[in-house]
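K.L.:
Residue numbers (the working numbering): 1007 to 1516.
Once you've had a glance at the structure underneath, I'll fire off some questions.
So, in structure tokens, the structure goes:
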């Protein structure tokens, strides 16, 4: 039987702090020296006061436990039904807007409660449909990363809409997950916003525009459309979508049950959230577009776009999509294969690739479109399907797959060898840095980390922990040499070796 391993993920946050995530538990560490408290009781009292102040606000998460671990305060969170911030990218734009309201509310309260505009400090709460932060400023706990609130709000919204890992300038249209005009126009208006209230109005105005559009379409189409029939069927299902891009970390896989007030106020699909598989989500959008459900383009623009990009129009494939929706995905795939991948539009090609992935045939998807390997790998990693990733490697030779498996198996030389054959995302930069560090190639590690405070901190942590291990080993030698009492000597050596073991485990996870 294959060994099931739980991989702990670590990253630097709030400049001097560190987060560790393992399964559903998140621990945030901050050195005492970088707080304004000298004792645990002092920090806990300030934390409780902030909790009372924010009791009626749903946008802040509070720890289940607060303790002192060596020279650091540790906040521990149990995060059932929480997803990493990037999880929002899987939702249709029409639903993302309701989540983005949360960011506006956090920005409005920035004077009373400073927040960190860092994607790793934000979580998507599926139980109430809000984005929440677990790191915020309060008495005795400052935010050490300063950023203009308007800029931070803009960048975070753009990260939700695009495949970007950092926002260093105006995004290109190709960077957007959904490239419809309404999304591009929304992003333009967000980027032009000069205040939090102005950005908030852009969000609210766009929600109003979409709700009016849907209401108008409902009046014009009294008979149930294919999209509406599909929606009704799936409102009773319980499925969880795969992420468009991997989150930095992942929590519970269970579907949430939203509260009735939220359903009534927020949703655009008969006030119920629909969580679908990747291919089903794509099918909703495709069928919706073919029946006018989400098409905000002018008729002549839509026609020109179809003539430019489609060989077989999507509306000719609705019968095939119905089969996939009702569960016969393989039959739908067989028909798409007969039509030919190259004869499909880009949207239909994406559906076909997703169907391959969901039916356990990811290698076929990658053979058709090698760059799709990145999405497959992201989905497998985010769902902790490491054995499936290794199985995939045995079926196809792809640099993205090989790079990820090499990292999982700690084959550091292979990670370095493959670095020029893969697109370097934030996560893969961290993986490459780990390879350099474990190989002792410190000059290359420091060069890679030079422009990233997070990676630079990782290098410093690695060097510090390595030095601590060396010092402890020296102490072991000194105790063995100088302590004459055998019992005391054994006790001291045992304690020192336990410290070494913990440090080496931490180094191994860097």
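Backbone N, C-alpha and C define an ideal beta-carbon position, used for all residues, glycine too.
Do residue 1509 and residue 1475 come within 8 Å of each other at the CB atom, strictly closer than that value?
P.N.:
Within the chain shown, residue 1475 is the residue found at index 469, counting from 1. Within the chain shown, residue 1509 is the residue found at index 503, counting from 1. Contact flag set, yes.
K.L.:
Taking the alpha-carbon positions, what's the residue 1179 to residue 1030 distance?
P.N.:
Indexing the chain shown from 1 puts residue 1179 at position 173. Indexing the chain shown from 1 puts residue 1030 at position 24. Spanning the two alpha carbons is a distance of roughly 35 Å.
K.L.:
Determine whether the beta carbon atoms of residue 1103 and residue 1173 lie at a separation below 8 Å.
P.N.:
Stepping through the chain shown from its first residue, residue 1103 is reached at position 97. Stepping through the chain shown from its first residue, residue 1173 is reached at position 167. It is not a contact, given that the beta carbons lie outside the stated cut-off.
K.L.:
Along the beta strand (DSSP E) that carries residue 1082, what are the first and last residues, could you check?
P.N.:
Numbered from its first residue, the chain shown carries residue 1082 at position 76. Where residue 1082 is concerned, the enclosing beta strand (DSSP E) stretches over 1078 to 1084.
K.L.:
Is the beta carbon of residue 1137 less than 8 Å from the beta carbon of residue 1019?
P.N.:
In the chain shown, counting from the first residue as 1, residue 1137 sits at position 131. In the chain shown, counting from the first residue as 1, residue 1019 sits at position 13. No, the pair does not count as a contact, with Cβ atoms beyond the cut-off.
K.L.:
Taking the continuous beta strand (DSSP E) assigned at residue 1045, which residues delimit it?
P.N.:
Numbered from its first residue, the chain shown carries residue 1045 at position 39. No beta strand (DSSP E) holds residue 1045; DSSP gives it neither H nor E.
K.L.:
Taking only three categories from DSSP, how would you classify residue 1154?
P.N.:
The count along the chain shown starts at 1 and reaches residue 1154 at position 148. DSSP places residue 1154 in coil when its eight states are reduced to three.
K.L.:
Fully enclosed by the segment 1355 to 1412, which alpha helix (DSSP H) runs are 4 residues long or longer?
P.N.:
With a minimum length of 4 residues, the continuous alpha helix (DSSP H) runs that stay inside the segment 1355 to 1412 are 1368 to 1374, 1379 to 1388 and 1392 to 1401.
K.L.:
Using a Cβ-Cβ cut-off of 8 Å (strictly less than) and excluding sequence neighbours within five positions of residue 1105, which residues of its own chain qualify?
P.N.:
Taking the first residue of the chain shown as 1, we reach residue 1105 at position 99. Here the set comprises 1094, 1097, 1130, 1135, 1136, 1137 and 1166.
K.L.:
Thinking C-beta only, is residue 1364 closer than 8 Å to residue 1401?
P.N.:
Locating residue 1401 in the chain shown gives position 395, counting from the first residue. Locating residue 1364 in the chain shown gives position 358, counting from the first residue. No, the pair does not count as a contact, with Cβ atoms beyond the cut-off.
K.L.:
Please determine, among 1124, 1025, 1150 and 1198, the residue with the shortest C-alpha to C-alpha distance to residue 1080.
P.N.:
Here the question's residue 1080 lines up with position 74 in the chain shown. Comparing Cα-Cα distances from residue 1080 to each of 1124, 1025, 1150 and 1198, the minimum goes to 1025.
K.L.:
Please work out which residues of its chain come closer than 6 Å, Cβ to Cβ, to residue 1128, disregarding the five sequence neighbours upstream and downstream, and give them in chain order.
P.N.:
Position 122 of the chain shown holds residue 1128. So the list reads 1091, 1137 and 1139, once near-sequence residues are dropped.
K.L.:
Tell me, please, which residues DSSP counts as bridged to residue 1130.
P.N.:
As a first step, residue 1130 is located in the chain shown; it is residue number 124 there, counting from the start. Residue 1130 pairs with 1089 and 1137.
K.L.:
Rounded to a whole number of angstroms, what is the C-alpha to C-alpha distance between residue 1055 and residue 1043?
P.N.:
Your numbering for residue 1055 matches position 49 in the chain shown. Your numbering for residue 1043 matches position 37 in the chain shown. For residue 1055 and residue 1043, the distance between alpha carbons rounds to 14 Å.
K.L.:
Rounded to whole angstroms, what is the Cα-Cα separation between residue 1442 and residue 1017?
P.N.:
The residue given as residue 1442 occupies position 436 in the chain shown. The residue given as residue 1017 occupies position 11 in the chain shown. Answer to the nearest angstrom: the Cα atoms are 17 Å apart.
K.L.:
Which of the three DSSP states, helix, strand or coil, is assigned to residue 1068?
P.N.:
What you label residue 1068 is simply residue 62 of the chain shown in a count that begins at 1. Coil at residue 1068, not helix or strand.
K.L.:
When the Cα of residue 1067 is compared with those of 1075, 1083, 1486 and 1058, which residue comes out closest?
P.N.:
Stepping through the chain shown from its first residue, residue 1067 is reached at position 61. Considering only alpha carbons, the answer is 1083.
K.L.:
Could you tell me which residues DSSP pairs with residue 1033 in its beta bridges?
P.N.:
As a first step, residue 1033 is located in the chain shown; it is residue number 27 there, counting from the start. Bridge partners of residue 1033: 1026 and 1082.
K.L.:
List the endpoints of the continuous beta strand (DSSP E) containing residue 1018.
P.N.:
In the chain shown, counting from the first residue as 1, residue 1018 sits at position 12. Taken as a continuous stretch (DSSP letters only), the beta strand (DSSP E) holding residue 1018 covers 1015 to 1019.
K.L.:
Helix, strand or coil: which one does DSSP assign to residue 1343?
P.N.:
For the purposes of this step, residue 1343 is identified with residue 337 of the chain shown, where counting begins at 1. It is helical.
K.L.:
Just mark residue 1168 as buried or exposed, buried being the case when its beta carbon has 16 or more other beta carbons within 10 Å.
P.N.:
Here residue 1168 refers to the residue found at position 162 when the chain shown is read from its first residue. Counting Cβ neighbours within 10 Å, residue 1168 comes out buried, since at least 16 surround it.
K.L.:
Can you give me the Cβ contacts of residue 1495 inside the same chain, cut-off strictly under 7 Å, excluding the 5 residues immediately before and after it?
P.N.:
For the purposes of this step, residue 1495 is identified with residue 489 of the chain shown, where counting begins at 1. Answer for residue 1495: 1485, 1486 and 1489, listed in chain order.
K.L.:
Run through the DSSP bridge pairs and tell me what residue 1073 is partnered with.
P.N.:
The residue you call residue 1073 lines up with position 67 of the chain shown. In the DSSP output, where bridge partners are listed per residue, residue 1073 has 1080.
K.L.:
Residue ranges of each alpha helix (DSSP H) run of no fewer than 4 residues wholly in the segment 1097 to 1126, ordered along the chain?
P.N.:
For the segment 1097 to 1126, whole alpha helix (DSSP H) runs of length 4 or above, ordered along the chain, are 1099 to 1114.
K.L.:
By the DSSP assignment, the alpha helix (DSSP H) with residue 1149 in it spans what residues?
P.N.:
Your numbering for residue 1149 matches position 143 in the chain shown. Where residue 1149 is concerned, there is no enclosing alpha helix (DSSP H), given that its DSSP letter is neither H nor E.
K.L.:
Buried or exposed: which applies to residue 1356, given that a residue is buried once 16 or more other Cβ atoms fall within 10 Å of its Cβ?
P.N.:
Numbered from its first residue, the chain shown carries residue 1356 at position 350. Label assigned to residue 1356: buried.
K.L.:
Around the Cβ of residue 1088, are there at least 16 other Cβ atoms within 10 angstroms (buried) or fewer (exposed)?
P.N.:
Taking the chain shown and counting its residues from 1, one reaches residue 1088 at position 82. Residue 1088 comes out buried.
K.L.:
When the distance is taken between beta carbons, is residue 1078 closer than 8 Å to residue 1036?
P.N.:
As a working note, residue 1036 is residue 30 in the chain shown. As a working note, residue 1078 is residue 72 in the chain shown. The answer is yes: Cβ separation under 8 Å.
K.L.:
Which complete beta strand (DSSP E) runs does the segment 1405 to 1454 hold, if anything under 3 residues is left out?
P.N.:
If we require 3 residues or more, the segment 1405 to 1454 turns out to have no beta strand (DSSP E) run fully inside it.
K.L.:
Verify the CB distance criterion: does residue 1339 have a CB-CB separation below 8 Å to chain C?
P.N.:
Of the chains in the structure shown, none is chain C; there is only one protein chain.
K.L.:
Figure out for me which residue from 1053, 1058 and 1184 has the closest Cα to the Cα of residue 1069.
P.N.:
Counted from its first residue, the chain shown places residue 1069 at position 63. Taking only the C-alpha atoms, the option nearest residue 1069 is 1053.
K.L.:
I think residue 1399 touches residue 1421, with their Cβ atoms under 8 Å apart; what is that distance to the nearest whole Å?
P.N.:
Counted from its first residue, the chain shown places residue 1399 at position 393. Counted from its first residue, the chain shown places residue 1421 at position 415. Incorrect: roughly 14 Å between the Cβ atoms, too far for contact.
K.L.:
Give every residue of the same chain whose Cβ lies closer than 6 Å to the Cβ of residue 1307, excluding the five residues on either side of it in the sequence, and list them in chain order.
P.N.:
Residue numbering aside, residue 1307 sits at position 301 when the chain shown is read from its first letter. The predicted position of residue 1307 is uncertain, since its pLDDT is 46 and thus under 50; a value taken from the coordinates is nonetheless stated next. Answer for residue 1307: no residue qualifies.
K.L.:
For my contact list, residue 1406 and residue 1395 are in at a C-beta cut-off of 8 Å; report their separation, rounded to the angstrom.
P.N.:
Numbered from its first residue, the chain shown carries residue 1406 at position 400. Numbered from its first residue, the chain shown carries residue 1395 at position 389. So it is not a contact: roughly 11 Å between Cβ atoms.
K.L.:
Compare the Cα-Cα distances from residue 1319 to each of 1348, 1337, 1332 and 1340 and report the closest residue.
P.N.:
Here residue 1319 corresponds to residue number 313 of the chain shown, with the count starting at 1. For residue 1319, the nearest C-alpha among the options comes from 1348.
K.L.:
Looking at the secondary structure, which residues open and close the alpha helix (DSSP H) in which residue 1143 lies?
P.N.:
Within the chain shown, the letter at position 137 stands for residue 1143. Neither: residue 1143 is in no alpha helix (DSSP H) and is coded neither H nor E.
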